[in-house]
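These notes are about the structure you will find just below.
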DNA sequence: CGGACGTTTCGGCGCCGGCCGAAGTGTCCG
DNA sequence: CGGACACTTCGGCCGGCGCCGAAACGTCCG
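Chains as they are written, first to last, in the numbering used here: chain F, 1 to 219; chain H, 220 to 438.
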């Protein structure tokens, strides 16, 4: 079956810990330079360069060159979905983790971005808030009044799928992804309701954010 | 990031063409013996044995031994979902295929099973029929009258997620997976409405099936 | 019991692929 | 123009892994 060979090729791209680390870093949705990624994964720039070329050729990443820099980012939401599906599968089964490991990943569990939308406890809270408001169904489809609500927040439907369930690997609960999830995440950052912790994917709700959520009727 | 290393390990399991071929075969939802898989993938039994052990250890497959046979099957729907997501990603981009290749996979495109539910053109037809009947929404969530309709066909909700969208790699269109999709597939086989072609995943609608679909109001 | 057969273990072979450092290319900026 | 810097290419090293065949193990059945 020729199709499974193609699958094997994609899997091979992700089967290397260095390349996987690159993809994990890029899951924050931003563009990284080659050296940033090399430092992040602790390999020589030459090594990183070769890995990036392979990932780009395989369609997982796209580059856009700017002067002497080579910026790379995920090739699109479908790559993020692929990665998220795989991490959900590979992710920590109900293994109780040690205390320090737990506290280290605590911030990530509380809130994080998954490519372009909110995940972690923040993502779950958002989901249940939206559910209470009747914006989404329990299967995370957008309701008609929900679409009105979204448009009031500046949401414009595009070609991209409006809503999608994304299985969170920390909480094991689906949360809102897709265009709507991405838009809400954007809005929250623009309004200063959420903030990144350093340069990681970890995200916290600011005091203004808590107020804002209440004003919207979210939790 | 330790999580991405786990991802790399899972990816490594699928990064081998022989192991990928095993998984592809097992996507029909049935249990295969070690030698059957070895023959299918054209490797020595000893090689197959080692691959199977790795796949089982990695949680992708489960075995159940019976006398001198070792039956293996996918470890569950979540594995099928993983594989389907990956094939959807790796799958044929809009490349026009040659004529003989096309006719070879024609039967597969017309109808096939994807682990435990219908896919291919048959899956798409089912989806649009269910949509017309108001059983599912366009996002493939089950409606309330739809649930009544399903129960009349013997469907019993369980712990498993009722409905899930599965992206078809031949048609690039989401179709109905999850418990409801699996149940409908079962019903169709039981009633003799659908039949496998040989031992493959390819499936055809029988004449009785065409009548049955009309009786249900499906297309 | 003894042969047939499905499966597993082991040793050995060969190749692929990840890694690095050194040298080369291209870009920026003083 | 010349140095600093981001990145790439190349050669070489090394480990891991997929493959097989031979032999052992376990089960079935006459």
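For every residue, glycine included, the Cβ atom is placed at its ideal position computed from N, Cα and C.
(1) How would you label residue 427 of chain H, buried or exposed, when you count the other beta carbons within 10 angstroms and need 16 or more for buried?
(2) How is the beta strand (DSSP E) around residue 444 of chain H delimited, first residue to last?
(3) Return yes when the Cβ of residue 191 of chain F is within less than 8 Å of the Cβ of residue 212 of chain F, no when it is not.
(4) Name, in chain order, the residues that DSSP records as bridge partners for residue 285 of chain H.
(5) Check whether the segment 366-383 of chain H and the segment 394-401 of chain H are in contact - that is, three or more C-beta pairs closer than 8 Å.
(6) Any beta carbon of chain F sitting closer than 8 Å to that of residue 367 of chain H?
(7) Please list the segments of the beta strand (DSSP E) lying wholly inside the segment 391-418 of chain H, counting only runs of 3 or more residues, in order along the chain.
(8) State yes or no: is the beta carbon of residue 236 of chain H nearer than 8 Å to at least one beta carbon in chain F?
(9) Residue 309 of chain H to residue 3 of chain F, Cα distance in whole Å?
(10) Please state the DSSP three-state secondary structure of residue 206 of chain F.
(11) Look up residue 296 of chain H in the DSSP assignment and say whether it is helix, strand or coil.
(12) Taking 8 Å as the CB-CB limit, is residue 47 of chain F close to chain H?
(13) Return the chain-ordered list of same chain residues with a C-beta closer than 6 Å to the C-beta of residue 177 of chain F, the five sequence neighbours on each side being excluded.
(14) Let's see if you can read the secondary structure: which residues bound the alpha helix (DSSP H) around residue 35 of chain F?
(15) Against chain H, which members of the segment 74-90 of chain F pass a CB distance test of less than 9 Å?
(16) Using a Cβ-Cβ cut-off of 6 Å (strictly less than) and excluding sequence neighbours within five positions of residue 70 of chain F, which residues of its own chain qualify?
(17) Determine which residues of the segment 177-204 of chain F have a Cβ less than 9 Å from any Cβ of chain H, and write them out in chain order.
(18) What does residue 24 of chain F reach in chain H if we use C-beta pairs closer than 8 Å?
(19) Where does residue 244 of chain H sit, in a helix, a strand or coil, going by DSSP?
(20) Is there at least one Cβ from chain H nearer than 8 Å to residue 52 of chain F's Cβ?
(21) For chain H, find out if any of its Cβ atoms is closer than 8 Å to the Cβ of residue 137 of chain F; answer yes or no.
(22) Quick check: residue 259 of chain H and residue 238 of chain H, are their CB atoms within less than 8 Å of each other?
(23) Count the other C-beta atoms from every protein chain shown that fall within 10 angstroms of the C-beta of residue 247 of chain H, then say buried if there are 16 or more, exposed otherwise.
(24) Taking contact to mean 3 or more Cβ pairs, one atom from each stretch, closer than 8 Å, check whether the segment 7-14 of chain F and the segment 225-235 of chain H are in contact.
(25) I'd like the span of the alpha helix (DSSP H) that includes residue 112 of chain F, first residue to last.
(26) Return the CA-CA distance between residue 67 of chain F and residue 352 of chain H, expressed in angstroms with no decimal places.
(27) Please confirm if residue 350 of chain H has its CB atom under 8 Å from at least one CB of chain F.
(28) Report buried or exposed for residue 420 of chain H, applying the criterion of at least 16 other Cβ atoms within 10 angstroms of its Cβ.
(29) Among the candidates F:146, F:216, F:189, whose CA atom is the shortest distance from the CA of residue 112 of chain F?
(30) Can you look up residue 337 of chain H in the DSSP assignment and give me helix, strand or coil?
(31) Could you confirm whether any beta carbon from chain F is found closer than 8 Å to the beta carbon of residue 229 of chain H?
(32) Can you look up residue 17 of chain F in the DSSP assignment and give me helix, strand or coil?
(33) Residue 221 of chain H by DSSP, collapsed to three states: which one?
(34) Given a threshold of 16 other Cβ atoms within 10 Å of its Cβ, counted over all protein chains shown, does residue 263 of chain H qualify as buried or as exposed?
(35) Quick one: what does DSSP say residue 384 of chain H is sitting in, helix, strand or coil?
(36) Would you kindly check if the distance between the Cβ of residue 438 of chain H and the Cβ of residue 344 of chain H is under 8 Å?
The structure says:
(1) exposed
(2) Residue 444 of chain H lies beyond the range of chain H shown here (220 to 438); nothing can be said about it.
(3) yes
(4) H:288
(5) yes
(6) no
(7) 393-396, 413-415
(8) yes
(9) 8 Å
(10) coil
(11) helix
(12) no
(13) 117, 164, 166
(14) 34-41
(15) 78, 79, 81, 82, 83, 85, 86, 87, 88, 89, 90
(16) 34, 63
(17) none
(18) 220, 222, 223, 226
(19) helix
(20) no
(21) yes
(22) no
(23) buried
(24) yes
(25) Looking at the DSSP string, residue 112 of chain F is not in any alpha helix (DSSP H); the run it does join, the beta strand (DSSP E), is 112-114.
(26) 57 Å
(27) no
(28) buried
(29) F:189
(30) strand
(31) yes
(32) helix
(33) helix
(34) exposed
(35) strand
(36) yes
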